[in-house]
Amino acid sequence: MSAASNSERIEGEPMSLWVATGGSTEYPGLRGDVEVDIAVIGGGIAGLTAALALKRAGQTVAVLETARVGTGVTGHTTGKVTSLQRLAYTELRDHHGTDTARAYGQANEAALRHVADVVATEGIDCDFRRVANYTYAESDEALARVRAEADLAAELGLPATFTTEVPLPFQVKGAVRFDDQAQLHAVKYLQGLARAVDGDGSFVFERAHARGIREGSPCIVDLEDGSVRARDVIVATNVPFGDHGLFDCRSRPHRSYLVAGLVDTPPLDATFISVDEPMRSILTVAIDGKSYVLAGGEGHPASEAGDTAERYRRLAAFARDRLGVEGVAYRWSTQDGIPVDGLPYVGRMSPEAKHVYVITGLRKWGLTNGTAAALILADTLSGRENPWAAVFDSNRTTPAANANQPVEESTEAVSATPERVDLAPGDGAVIGVDGDSTAVYKDEEGNVHAVSAVCTHLGCIVDFNPADVTWDCPCHGSRFAIDGSVIQGPAVIALPPRPVP
Ligand code: FES
-18 MSAASNSERI EGEPMSLWVA TGGSTEYPGL RGDVEVDIAV IGGGIAGLTA ALALKRAGQT
42 VAVLETARVG TGVTGHTTGK VTSLQRLAYT ELRDHHGTDT ARAYGQANEA ALRHVADVVA
102 TEGIDCDFRR VANYTYAESD EALARVRAEA DLAAELGLPA TFTTEVPLPF QVKGAVRFDD
162 QAQLHAVKYL QGLARAVDGD GSFVFERAHA RGIREGSPCI VDLEDGSVRA RDVIVATNVP
222 FGDHGLFDCR SRPHRSYLVA GLVDTPPLDA TFISVDEPMR SILTVAIDGK SYVLAGGEGH
282 PASEAGDTAE RYRRLAAFAR DRLGVEGVAY RWSTQDGIPV DGLPYVGRMS PEAKHVYVIT
342 GLRKWGLTNG TAAALILADT LSGRENPWAA VFDSNRTTPA ANANQPVEES TEAVSATPER
402 VDLAPGDGAV IGVDGDSTAV YKDEEGNVHA VSAVCTHLGC IVDFNPADVT WDCPCHGSRF
462 AIDGSVIQGP AVIALPPRPV P
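Note that this note's numbering gives residue 407 to position 426 of the sequence shown, counting from 1, and the numbers run on in steps of one.
Structure follows, in structure tokens:
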């Protein structure tokens, strides 16, 4: 809550490589009322994949994206499309048994095949490439775990082998390798999905901010200047909008960081993730004739951000020292829900819901898990059996991750905040103004911006994040832009403006 270091001192544009190089879309907002079979709230991987699958099944859909297609969580991923997810199978087998681990792997492999099929049939130009994916070990302890994961994954029928031949530019002891995995340009893929969805009685709306869902026959999704009437509604907003299933207690928001830098070597036919800590994720890609290396990691629960600038610096050092990156071109962070029992939530919003469905808790593997989840709901809403629906059931019994933080926190925080602070350009701080917590930021030109510091979800006080230049809530992970607009939920209402102190 105190003034923090200036983002200028961190290398790279604070923007996702995919967003920076993906171009943008210009779908209209929704003015008036439309009627379709299915309303989909959220224009990311899960929402658009579900919308297209439903359209292909003969239903009409309307996708409501609150910003622009590709600017949300999916546009901030690594770009890996893979069923090898570090040591997921060992973890799932230990918690849920072999059958669940197998089902999870099958669902993710089916998702990978679906993405390849959609890219081909819709002719989406999104740099889709088949690559091998490796989970690598540098220590003896990690090597044993990698061997066990390879054996288990092969036993589950997945394309796994153990290997000591790992095409990284530094020495490792071994890895589990999955063949025929993939990577893609996440924003271009979403834009391709949106193009295929829009038209013939189906719609993509942008800057279309859903304000509420009235469940009934039909359901009505209310927006500022219009509404969508639909038989069923899918909520695919990362953190569920209109959460009646208490998913913010059943899933922990977890943040990840990525840097991308230029190299003078061509991309590898492989992607990587480490077992040893600190975890590092690696992907190489060529865009517009330039070769980039992406290095990711530094993950943490949203409530434990610490020094976010230092996190970028550690990733930059790794990219430079071990991957030959000369300078960071882009840096970004994002959050995803880690479900308390390790499995995504897909199905009805709550046990009582009849027509409102949810996809959430994609455990940072959204390109495959989001696709798998979308296909499950597309089957469900088309009256087809899906073999993995039960495993991902959103209404299964799970332990609670964290009770909602008491609103009293905000009161304590007000009394602890200073009444004034001297800000350097690029710095932000929370100060107390007339008993109210105000979030104040001074931009590089010296202009001061002020919004309420009280999170519109449940009233915690936001912190300034100097590396991403955002206001972040430590309680359940909501993130806000400097002007107060919501970047990431569970909050759905912007931080209201305050007088500049
Ligand atoms: Fe829940 Fe801020 S109080 S995200």
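The beta-carbon is built from N, C-alpha and C at its ideal position, and this holds for glycine as well.
If we ignore side chains and look at the alpha-carbon of each, how far apart do Gly278 and Leu476 end up? In this structure, the alpha-carbon of Gly278 lies about 29 angstroms from that of Leu476.
Residue interval of the alpha helix (DSSP H) (run including Lys335): That residue, Lys335, is in no alpha helix (DSSP H); it is neither H nor E in DSSP.
Please confirm whether any heavy atom of the ligand FES lies closer than 7 angstroms to the CB of Ala420. Answer for Ala420: no, Cβ out of range of the ligand FES.
Counting pairs of Cβ atoms below 8 angstroms between the segment 82 to 91 and the segment 133 to 150, do you hit three or more? Output reads yes: the segment 133 to 150 touches the segment 82 to 91.
Determine, using beta carbons only, whether Ala334 and Ile19 come nearer to each other than 8 angstroms. Not closer than 8 angstroms, so no.
For the alpha helix (DSSP H) containing Trp(-1), name the first residue and the last one. Element bounds for Trp(-1): Leu(-2) to Thr2.
Rounded to whole angstroms, what is the Cα-Cα separation between His457 and Asp322? C-alpha separation (whole angstroms): 18 angstroms.
With respect to 7 angstroms, is the separation between the Cβ of Ala125 and the closest non-hydrogen atom of the ligand FES below this value? No.
Cβ-based burial, Asp106 [other Cβ within 10 Å; buried from 16]: Asp106 is classed as exposed because its beta carbon has fewer than 16 other beta carbons within 10 Å across all chains shown.
In chain order, what residues have a CB nearer than 5 angstroms to some heavy atom of the ligand FES? Residues with a Cβ closer than 5 angstroms to any heavy atom of the ligand FES, in chain order: Cys436, His438, Leu439, Cys441, Cys454, Cys456, His457 and Ser459.
Any idea if Ser552 is buried or exposed, counting beta-carbon neighbours within 10 angstroms, 16 or more meaning buried? This structure cannot settle anything about residue 552, because the visible part of the chain is limited to -18 through 482.
Which residues in the same chain have their Cβ closer than 6 angstroms to the Cβ of Ser433, if we skip the five residues on either side of it in sequence? Cβ neighbours of Ser433 within its own chain (closer than 6 angstroms, five residues either side excluded): Leu476, Pro477 and Arg479.
Count the other C-beta atoms from every protein chain shown that fall within 10 angstroms of the C-beta of Ala101, then say buried if there are 16 or more, exposed otherwise. Exposed is the call here.
Counting only runs of 4+ residues fully inside the segment 78 to 150, write out the alpha helix (DSSP H) ranges in chain order. Whole alpha helix (DSSP H) segments, 4+ residues: 79 to 103 and 121 to 136.
With distances taken Cα to Cα, identify the nearest neighbour of Ala487 among Val327, Tyr422 and Gly407. Given that the chain is displayed from residue -18 to residue 482, the structure contains no residue 487 and the question cannot be resolved.
Measure the alpha-carbon distance for Asn89 versus Arg295 and round it to whole angstroms. CA-to-CA, the gap between Asn89 and Arg295 works out to about 31 angstroms.
Val21 - containing beta strand (DSSP E), residue span: Val21 -> beta strand (DSSP E) spans Gly13 to Ile22.
Do you know how far the Cα of Gly413 is from the Cα of Ser255? Roughly 44 angstroms between the two C-alpha positions.
Could you spell out where the alpha helix (DSSP H) holding Cys230 opens and where it closes? Where Cys230 is concerned, the enclosing alpha helix (DSSP H) stretches over Phe228 to Arg231.
Tyr170 (DSSP reduced to helix, strand or coil): Tyr170: helix per DSSP, three-state reduction.
In this structure, what does DSSP give as the bridge partners for Arg195? Residue pairing by DSSP places Arg195 opposite Ile201 in a beta bridge.
Gly182, DSSP secondary structure in three states: Secondary structure at Gly182: coil, using DSSP grouped into helix, strand and coil.
Between Asp317, Cys200, Ser237 and Cys441, which lies nearest to Asp14 when the distance is taken from Cα to Cα? Answer by Cα proximity: Cys200.
Arg195 versus Pro247: straight-line alpha-carbon distance, rounded: Roughly 52 angstroms between the two C-alpha positions.
With a Cβ-Cβ cutoff of 8 angstroms, do His190 and Thr55 count as a contact? No, they are not a contact pair.
In the DSSP output, what is Gln164 paired with across the bridge? Its beta-bridge partners are Lys61 and Arg110.
Which same chain residues end up closer than 6 angstroms to Ala43 when comparing Cβ atoms and leaving out the 5 residues on each side of it in sequence? Here the set comprises Val15, Val17, Ala20, Phe184 and Val209.
Grab the span of the beta strand (DSSP E) containing Thr252 for me, first residue to last. Secondary structure note for Thr252: its beta strand (DSSP E) is the uninterrupted segment Ala251 to Ser255.
Quick one: is Glu187 buried, meaning 16 or more other Cβ sit within 10 Å of its Cβ, or exposed? In the assembly as shown, Glu187 is a buried residue. Its beta-carbon has 16 or more other beta-carbons within 10 Å.
Expressed to the nearest angstrom, what Euclidean distance is found between the alpha-carbon atoms of Phe151 and Lys61? So the alpha carbons of these two residues sit roughly 21 angstroms apart.
Any idea if Asn350 is buried or exposed, counting beta-carbon neighbours within 10 angstroms, 16 or more meaning buried? Classification for Asn350: buried.
Buried or exposed (CB count within 10 angstroms, at least 16 for buried), Ser64: Burial call: buried.
With DSSP as the reference, label Asn446 as helix, strand or coil. Of the three classes helix, strand and coil, the one that applies to Asn446 here is strand, per DSSP.
Pairing CB atoms from the segment 230 to 248 with CB atoms from the segment 262 to 273, are three or more of them under 8 angstroms? Verdict: yes, contact present.
Check whether the Cβ atoms of Ile22 and Thr289 lie closer than 8 angstroms to each other. With respect to Thr289, Ile22 sits apart: the two C-beta atoms are not nearer than 8 angstroms.
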